[in-house]
Amino acid sequence: MPTPNTDAQEAKKPPARRTRSASTASSNSHGPYVMPIVHITVPEAAVNVGFWAALGGAAVLGAIELPLAALIGAGVLVARHHSSD
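Here is the structure:
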């Protein structure tokens with residue numbers, strides 16, 4: 378059971394703040410990716426180019442329809458924009 382003295386000390390403490398580290402505040406990039414099985418480090422730019430190339434290639438080759446590819450691309454852009462906050 379807390380004592381009255383402890384409650385008074387807790388009331389005097391400033392509220393906890395949510396802060397970002399300097400590296401997070403300075404850039405929104407996630408840094409390099411590590412491939413799970415082979416443990417190779419791949420730059421973020423290469424992963425992004427590979428994703429967009431694969432999505433565009435699948436649409437051009439007809440593996441997925443163009444409207445579906447556009448929806449997937451838009452969803453990825455929205456998700457990345459939302460998670461960068």
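Under my numbering, the first residue of the sequence shown carries the number 378, and numbering increases by one thereafter. Just so you know, even glycine gets a beta-carbon here, dropped at the ideal spot from N, CA and C.
V411 and I417 have their C-alpha atoms some 6 angstroms from each other.
Here the alpha carbons of A436 and G450 stand approximately 11 angstroms from one another. Taking 9 angstroms as the cut-off, the beta carbon of A422 is found no closer than this to the beta carbon of L432. Rounded to whole angstroms, the separation of the alpha carbons of P413 and L454 is 24 angstroms.
In the DSSP secondary-structure assignment, V419 is bridged to Y410.
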